[in-house]
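What follows is one structure encoded as structure tokens, with my remarks underneath.
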Amino acid sequence: MRIFDPHIHMTSRTTDDYERMAAAGVRAVVEPAFWLGQPRTSAASFADYFDSLIGWEPFRAGQFGVRHHATVALNPKEANDPRCRPVLDLLPRYLEKDAVVAVGEIGYDDMTPAEDEAFATQLALAVDHDLPALVHTPHRDKARGVERSLAVVAESGIAPGRVALDHLNEVTVKLARDSGCWLGFSIYPDTKMSPPRMVELLRTYGTERMLVNSAADWGRSDPLLTRATGEAMLAAGFSDDDVDLVLWRNPVEFYGQSGRLDLTALDAPAAGTFEGNSILRGGD
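Structure below.
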């Protein structure tokens, strides 16, 4: 089983996770820029964060045979903080980087006017830079959030097929599917979606434009739940080809619209120590 996790926050995961993921069949990941759990105090901290997403993380992932790409954006939660707004002026520089395959996560948290503005501005950047967009749908009042997100997407002029609406559930899947956007589902231990629920949605709505991710971060999450979903699909009667479509070919097709995916195989170095360290380090 080959797996492409289209939404995982490896910055908040350990090197052991990369090792386990590679052993489970994860060959590629996309890491969206997101809120780190504590407010940033200036745009400069975003620059360091973005540099890590396109520098250190791909280097670290590559040591386990995992291809790492990123999306960059001012996330919805911090769009409400005036100290973070200058990040919008930094983004064009990063949206030209080879490792960046979409604008994201963008969208809504509390559905404020400030979020409206940041969302629309970043969809325009996606159009200007010919990149797909990864849209975070809010965890609260999700149905209204998806409706409002789709309205902003329609106003932006971006093609729906270049937009992925993430963190969907049973309440929002039909609305998202009918829009022509890609459908993202985050599989979690307790919240969001579970493998059995995801299997039922795949039975009802099919496998087209379906994206399954772990969205693993610093919260209670599991980077191997993509694999668990594939196994649940097989147990429910889906074919190997169905699993490959959902867990590999769909995310490749969506992010491939960036023209920047590099999915050539990586050979992990032999286990050992490197000048006293358990992992190779990046540049100074």
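Sequential numbering of the sequence shown, starting at 624, is according to this note's numbering. Cβ atoms here follow ideal geometry from the backbone N, Cα and C, with glycine treated the same way.
Distance from the Cα of Arg636 is smallest, within the candidate group Ala749, Asp890, Phe627 and Glu654, for Glu654.
For Glu654, the secondary structure class from DSSP, reduced to helix, strand or coil, is strand. Counting every other CB atom within 10 Å of its CB across the protein chains shown gives Ala722 a total of 16 or more, marking it as buried. Between the beta-carbon of Glu701 and that of Trp658 there is about 6 Å, and that keeps the pair under the 8 Å contact cut.
Buried is the label assigned to Val726, since at least 16 other Cβ atoms lie within 10 Å of its Cβ.
Scanning Glu778, Met734 and Val724 for the CA closest to the CA of Ala747 turns up Glu778. Residue environment: Arg832 is assigned as buried (16 or more neighbouring CB atoms within 10 Å of its CB, all protein chains considered).
Between the alpha carbons of Pro736 and Pro761 lies a gap of roughly 15 Å.
Here Ser802 is not near Leu825, since their CB atoms are 7 Å or more apart.
Going by C-alpha positions, Asn792 is about 33 Å away from Arg706. By a beta-carbon distance limit of 8 Å, Tyr731 contacts Arg771. Their separation comes to about 7 Å. Going by beta carbons, Ala651 and Arg690 fall inside the 7 Å limit.
Of all C-beta pairs linking the region 811-831 to the region 778-789, fewer than three are shorter than 8 Å, placing the two stretches out of contact. Lys765 is positioned such that its CB atom lies closer than 7 Å to that of Thr795. Pro629 is positioned such that its CB atom lies no closer than 7 Å to that of Pro812.
Under the 8 Å Cβ criterion, the region 665-682 does not count as touching the region 638-645, having fewer than three qualifying pairs.
Residue Leu714 holds the alpha-carbon nearest to the alpha-carbon of His752 among His632, Val769 and Leu714. Cβ contact annotation for His632 (same chain, cutoff 8 Å, sequence separation greater than five): Glu654, Pro655, Phe657, Ala838, Ala839, Asp840 and Trp841, in chain order.
For Asn836, DSSP records a beta bridge to Ser809. Rounded to the nearest angstrom, the gap between the Cα atoms of Met856 and Lys797 is 20 Å. Each residue's CA atom was taken as its position, placing Ile781 and Val775 some 10 Å apart. By the CB criterion at 7 Å, Leu889 and Gly688 fall inside the cutoff. Within the DSSP secondary-structure output, His691 pairs in a beta bridge with Val652.
Under the DSSP assignment, Gly727 falls in the beta strand (DSSP E) whose first and last residues are Val723 to Gly730. Inter-residue distance for Gly784 and Cys804 is about 5 Å (C-alpha atoms, whole angstroms). For Ala647, the enclosing alpha helix (DSSP H) has its first and last residue at Thr638 to Ala647.
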